[in-house]
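What follows is a short report on a single structure.
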Amino acid sequence: MKVIGRFLFLIAAFAGFFLVGFFVRDAFAKEAPNGKAFARLMGNKSAQKTPTEVFSDNLDIIAQNAAVQPDPLKLRYSAMSGLVSSLGDPHTNFLEPVVAEALALDTRGNFQGIGARLGGDPLGAKVGTVFRDGPAKKAGLQPNDIITGVDGLNVSGMVVDEIVEKIKGPEGTRVVLTVMRESASEPIRIPITRAVVLIPTAEGKMLPNKVGYVQVSGFSELTAKQFKTELNALKQQGMQKLVIDLRSNPGGLLNAAADMLSYFFADKPVVTMKGRNGDTQTARTNKGQVIKLPQDVVILINEDSASASEIFSGVMQDYGRAKLVGTHSYGKASVQELRQLPEGATAKITIAKYFIPSGRDISRKLDEDGDYISGGLKPDYEVELELTEKTEIGNPEQDSQLKRALEILGIAG
């Protein structure tokens, strides 16, 4: 992706970032806010201290005098979270190390492990998805298997996060899973050698009548490449029309969305980002990346399609390259930047609003009760998903939104 200019912010320390803001305000006001209150609480001398010193003093007071001995790390994290939440922006967050690592994993698009998604089960952990070409797939693990043991340890009754931690490990090491399978009368032992696993965020298949279908579940560093691979595979099978499914896609990297759009357009504006000082930056598609693809394209969206998925869909709609089918999208029209902090924590900070090529502001608007009023992308064809217990997403016979997309493409139901 080509970006004219970059948002560059120098943040020496997270607390310092916010407290400097307070300090600048105090300097203009020529007195500390609530100075008399500080004086009453901490003495006249304290009233002359900088906000940074007052903040530090308060942490010390809590640490030394609280009735219950506080955990210093928890105290610092709570202070950071409080600073961030004071901005009132749901997309600006302080992420503790565990959460920050999970976000980094989603962004990288790969991890070291066995290559399977697990869910909770009273007997252990239920296997949901087994990643194509991953070690679990090669070893014979199957969807709906119930993992009851890890390296001989009974994991029944454990929460799924604990089980996942026991299964994870460095590339090249081995883990032995004990699983229950509906078709087997006895538990099965499955040895798996851990490896670097690529998280599939773009998966395609050919529907009847030469309609290609690609489901994109997120926008990681690997998504554009995976998307291109799926498109080329469908082209080799004779694809004549295309459905791109971005339903419940929470977004991810702007670069990934722009790179995917580069397969449709060369050197076109994607989004214009506007910072708090009014400065603007424009992201564009790459040159020389366009693929010969069907002219008839439909994109499926819903209220959980957000961020980068809205950028991709909105740009395709603005340039008349695709029709949108489904329900309105989420309405996240802001750009975040990640800042690494000590001890593995991360600050995710909103640095700009973005506008798609038509200039539309798709920001989500809520009423005083937090209920949706407006915002997001409006589909060209509004269609509710008729969900039942047996609904299989991506099956045109059961998926009402996909069925409507095929009708729009001229495929009779």
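Counted the way the working numbering counts, the sequence shown spans residues 1 to 413.
Note that CB positions come from ideal geometry on N, CA and C, so glycine has one too.
Is residue i helix, strand or coil by DSSP?
i, result
"GLU303", "coil"
"TYR467", "In the structure as shown, the chain begins at 1 and stops at 413. Residue 467 is therefore absent and cannot be evaluated."
"MET206", "strand"
"ASP380", "coil"
"LYS390", "coil"
"GLN215", "strand"
"GLU337", "strand"
"ALA67", "coil"
"ASN154", "strand"
"LYS403", "helix"
"SER185", "coil"
"ILE373", "strand"
"GLN226", "helix"
"GLY115", "coil"
"ASP121", "strand"
"LYS138", "helix"
At the level of alpha carbons, what is the spacing between residue i and residue j?
i, j, result
"LEU406", "LEU253", "29 Å"
"GLN236", "PRO200", "20 Å"
"THR350", "THR285", "23 Å"
"PRO191", "LYS390", "33 Å"
"GLN64", "LYS348", "31 Å"
"PHE265", "VAL315", "10 Å"
"LEU341", "SER220", "22 Å"
"SER307", "LEU234", "27 Å"
"VAL160", "GLY149", "12 Å"
"THR129", "ARG189", "19 Å"
"PHE55", "ALA79", "9 Å"
"LYS137", "GLY115", "8 Å"
"ILE393", "ILE299", "14 Å"
"GLY370", "ARG364", "11 Å"
"GLU343", "GLY157", "32 Å"
"PRO294", "GLY238", "10 Å"
"THR107", "GLN48", "45 Å"
"TYR330", "VAL290", "28 Å"
"LEU366", "GLU397", "35 Å"
"LEU153", "LYS74", "31 Å"
On a Cα-Cα basis, can you pick out the residue from the options that is closest to residue i?
i, options, result
"GLN336", "MET80, ASN302, THR346 and GLN69", "THR346"
"GLN401", "TYR319, ASP245 and PRO294", "ASP245"
"VAL214", "SER334, VAL197, ASN232 and LEU198", "ASN232"
"LYS126", "THR52, SER363 and THR178", "THR178"
"GLY113", "VAL196, LEU207 and GLU101", "VAL196"
"MET206", "LEU300, GLN240 and ARG247", "GLN240"
"ILE147", "GLY331, GLY124 and PRO135", "GLY124"
"ALA322", "GLU343, ASP296, ILE301 and GLN69", "ASP296"
"GLU419", "LEU153, GLU171 and GLY326", "Only positions 1 to 413 of the chain appear in this structure, which leaves residue 419 out of reach."
"TYR319", "ARG174, LYS166 and LEU261", "LEU261"
"ARG117", "GLU171, LEU198, SER248 and VAL155", "LEU198"
"THR223", "TYR330, VAL243 and ALA258", "ALA258"
"PRO90", "PHE111, GLU384 and ALA333", "ALA333"
"GLU203", "LEU73, ARG194, ASP133 and GLN317", "ASP133"
"PRO170", "MET180, LYS225 and THR193", "THR193"
"ASP267", "ASP121, THR282, GLU101 and PHE227", "THR282"
"ALA184", "GLN142, VAL175, GLU162 and ILE411", "GLN142"
"LEU324", "THR92, VAL99, SER305 and ILE301", "ILE301"
Using the Cβ count rule (16 or more neighbours within 10 Å means buried), how would you classify residue i?
i, result
"ASN277", "exposed"
"ASN395", "exposed"
"ILE311", "buried"
"ARG404", "buried"
"SER86", "exposed"
"GLY359", "exposed"
"GLU382", "exposed"
"VAL211", "buried"
"ASP145", "buried"
"ILE362", "buried"
"ALA66", "exposed"
"PRO135", "buried"
"PRO51", "buried"
Please find out if some non-hydrogen atom of the ligand GTP comes closer than 7 Å to the beta-carbon of residue i.
i, result
"LEU123", "As presented, the structure is devoid of all ligands, the ligand GTP included, so that no description of it is given."
Task: Runs of beta strand (DSSP E) wholly within the segment 235 to 318 (minimum 3 residues, chain order) - done: 241 to 245, 269 to 274, 280 to 284 and 297 to 301
Open item on the list: Going residue by residue through the segment 71 to 110, where are the continuous alpha helix (DSSP H) segments of at least 4 residues, counting only ones entirely within it?
Closed with: 72 to 85 and 97 to 108
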